[in-house]
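**Q** Residue numbering for the sequence shown is 43 to 144, as defined by our numbering. Just so you know, even glycine gets a beta-carbon here, dropped at the ideal spot from N, CA and C. Predicted, not measured: the structure shown is a model, and the values here were computed from it. The structure follows.
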Amino acid sequence: MAHYRAADSKREQFRRYLEKTGVVDSLTSVLVALYEQQERPSNALEFVKECLGAADLTSANTEALQQEVTDLRQKCARLAEENKDLKTRLQHYEPENGATAD
């Protein structure tokens, strides 16, 4: 009987640990969200992973990535304009129709 109590005690400690660290609340929230879906996702495990992983990381990462995309688009536009300008200037110095300069 002592072995049964030890296992039960460990289980109870683990349950308290999960409650204390917020794991039970997080899992409950995800399962409620899954239950409230109008159409069930084809991959429930993927839905749970996305909900759990996206909670803290997505907003900060998304904002940083969106800012990086904006910066890179601006840089690309500047480089395209510079490239166009340099091509125009280069054509000014190149001989027309393959004529050679002597």
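Note the first and the last residue of the continuous alpha helix (DSSP H) segment covering Ser68.
**A** First-last of the alpha helix (DSSP H) with Ser68: 65 to 77.
**Q** So, with DSSP's three-state summary, where would you put Glu57?
**A** Per the sequence shown, residue 57 should be read as Arg rather than Glu. Looking at Arg57 - three-state DSSP - the assignment turns out to be helix.
**Q** Report the three-state DSSP secondary structure of Ser51 (helix, strand or coil).
**A** Helix.
**Q** If you run the structure through DSSP and keep just helix, strand and coil, what is Arg115?
**A** Looking at Arg115 - three-state DSSP - the assignment turns out to be helix.
**Q** Output the distance between the C-alpha atoms of Arg131 and Leu121, rounded to the nearest integer angstrom.
**A** If you take the alpha carbons of Arg131 and Leu121, they lie about 15 Å apart.
**Q** How many Å lie between Val72 and Arg53 at the Cα?
**A** Near 23 Å, if we compare the C-alpha coordinates of Arg53 and Val72.
**Q** Taking 8 Å as the threshold, find out whether the stretch 89 to 96 comes into contact with the stretch 61 to 79 through three or more Cβ pairs.
**A** Yes, the stretch 89 to 96 is in contact with the stretch 61 to 79.
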